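Q: Sending over a structure as structure tokens; questions will come in a sec.
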Amino acid sequence: MQDKFQTMSNQIIGRIDDMSSLIDDLEKSIANLVTQGRVEELEEGGEGLRKHRQAGHRGDAKTDPKTVQDLTSVMQTLLQQMQDKFQTMSNQIIGRIDDMSSLIDDLEKSIANLVTQGRVEELEGENKIPAMQKN
632 MQDKFQTMSN QIIGRIDDMS SLIDDLEKSI ANLVTQGRVE ELEEGGEGLR
682 KHRQAGHRGD AKTDPKTVQD LTSVMQTLLQ QMQDKFQTMS NQIIGRIDDM
732 SSLIDDLEKS IANLVTQGRV EELEGENKIP AMQKN
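So this is what it looks like as structure tokens:
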């Protein structure tokens, strides 16, 4: 039974690690996109944005660097919160599995004690019967 719980705990931990890796990859992808966007903006010297505004267009959600930075900040905060929540859940699951493992160990010890006690009582009972029959 303890092996089943250990297997389950390993599977849960593996899945949590997978989710953590996915979150890390997503964070890296967002950081790369932000960095790439900043590099392109620096390479253009901001010329594309200046031309766009000179043509009478105001910054919109797609081109306004402030909006992109805000979105990036919100996404990074959200991803950090998700990662923190997964870590908390992981710690809680591991704690509960450890508790269950301790309970199983205690149960196994109690069963072993009962079996041993039953054998002792059985032997004592066998020793009393012949003594009674002799009388």
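For the sequence shown, the positions run 632 to 766 when the working numbering is used. By construction, the Cβ of each residue, glycine as well, lies at the ideal position given by its N, Cα and C atoms. On a predicted model such as this, the values are computed, not experimentally measured, just so you know.
(1) Give me the Cα-Cα distance between Met650 and Lys716, rounded to the nearest whole angstrom.
(2) Would Ile661 pass as a contact of Met706 if the rule is Cβ separation under 9 Å?
(3) State the CB to CB distance for the pair Ile647 and Leu710, rounded to an integer number of angstroms; the pair is presumed to be in contact (CB under 8 Å).
(4) Using a Cβ-Cβ cut-off of 6 Å (strictly less than) and excluding sequence neighbours within five positions of Leu664, which residues of its own chain qualify?
(5) Spatial neighbours of Met713 within its chain, please: C-beta separation below 7 Å, excluding the five flanking residues on both sides.
(6) Could you check the C-alpha separation between Ile735 and Gln718 for me, to the nearest Å?
A: Short version:
(1) 11 Å
(2) Cβ distance < 9 Å, so Ile661 and Met706 count as in contact.
(3) Actually they are not in contact, since the Cβ atoms of Ile647 and Leu710 sit about 15 Å apart, beyond 8 Å.
(4) none
(5) Within the same chain, Ile654 come within 7 Å of Met713 by CB-CB distance, once the 5 residues on both sides are set aside.
(6) 25 Å
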